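Data first, discussion second: the structure below is written as structure tokens.
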Amino acid sequence: MLDSPLAQDQQRRLAMHGFIILFLGLLSGIGFAYAAATVDTSDSSYGAWRFAHMEGIINGLLVLAVAGIWLRLNLRGALIDVARIVLVLGCYANIIGPIINALFIGRRLVTPETALEALVVYGFYIPGTLPLLALPVFVMNLYRQRADLV
Numbered sequence: 018m019l020d021s022p023l024a025q026d027q028q029r030r031l032a033m034h035g036f037i038i039l040f041l042g043l044l045s046g047i048g049f050a051y052a053a054a055t056v057d058t059s060d061s062s063y064g065a066w067r068f069a070h071m072e073g074i075i076n077g078l079l080v081l082a083v084a085g086i087w088l089r090l091n092l093r094g095a096l097i098d099v100a101r102i103v104l105v106l107g108c109y110a111n112i113i114g115p116i117i118n119a120l121f122i123g124r125r126l127v128t129p130e131t132a133l134e135a136l137v138v139y140g141f142y143i144p145g146t147l148p149l150l151a152l153p154v155f156v157m158n159l160y161r162q163r164a165d166l167v
């Protein structure tokens with residue numbers, strides 16, 4: 018199963034999504050650089066762009082790290098497929114939400130004042146917690162494989 022065409026395709030797709038998320042984080046770095054050059058560091062747009070930039074980089078690297086170990090995981094079972102999808106969706110939400118926040122709601126970092134702002138911001142930040150559910154699945158998968166070898 019480790020070198021099956023399906024596993025290699027899943028690994029390739031994970032890497033592609035990781036690079037897209039990383040690229041979005043690097044693009045938001047342009048906004049961060051602009052805010053750093055034009056406003057005071059205490060300004061909320063500076064913080065919003067910095068937050069978006071760091072979220073994109075960290076989440077992109079997280080997906081790339083999972084893609085790197087993908088062929089080492091025991092890929093049998095529906096839970097690992099669900100964890101893969103949840104990881105990618107959550108990491109996209111983690112970069113899209115902060116970018117929307119920085120572009121349109123940059124006056125405040127994460128505290129929206131109107132109902133529409135709350136829907137937009139929390140509509141992305143809440144699914145952004147999904148990687149917290151996916152990562153333990155991968156860790157437990159690797160731990161069980163280690164226990165099976167002993």
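So in the numbering used here, spot 103 of the sequence shown is number 120, and the numbers just go up one at a time.
No residue lacks a Cβ here, since even glycine has one placed at the ideal position from N, Cα and C.
Source: prediction; values computed, not measured.
On the CB-based measure, 16 or more other CB atoms within 10 Å of its CB, does residue i come out buried or exposed?
i	result
A151	buried
V138	buried
L147	buried
Q25	exposed
L149	exposed
R161	exposed
Distance check for residue j and residue i, CA to CA, integer angstroms please.
i	j	result
L224	A135	Summary: the structure shown does not reach residue 224, with the chain confined to residues 18 through 167, and so no result is reported for it.
A95	T55	49 Å
F49	L120	11 Å
I75	S62	20 Å
P115	I47	14 Å
A84	A32	5 Å
L23	E130	46 Å
L90	F141	29 Å
I113	A132	19 Å
M157	D20	21 Å
W87	H34	14 Å
S59	Y51	14 Å
I37	N118	19 Å
R30	R163	26 Å
Considering only C-alpha positions, which residue in the set the options is nearest to residue i?
i	options	result
L97	G64, L159 and L41	Per the sequence shown, residue 97 should be read as Ile rather than Leu. Residue L159 is the option with its Cα nearest to I97.
P153	V138, V103, I112 and I117	V103
G42	D20, Q25, A65 and D26	A65
A100	I86, F155 and S59	F155
Looking only at its chain, what residues have a beta carbon closer than 6 Å to the beta carbon of residue i, apart from the 5 residues adjacent to it on each side?
i	result
L39	G77
S45	A69, H70, G73 and I116
A53	none
Taking 7 Å as the limit between beta carbons, can you name the residues of its chain near residue i, skipping five residues before and five after?
i	result
R67	F49
P144	L106, G107 and A110
L79	C108 and P148
Among the residues of its own chain, which have a CB less than 8 Å from the CB of residue i, if the five just before and after it don't count?
i	result
D57	Y63
Q28	A84, W87 and L88
**Request:** Could you name each continuous alpha helix (DSSP H) segment of 4 residues or more that falls completely within the stretch 87-154, going from the start of the chain to the end?
**Result:** 95-121 and 132-142
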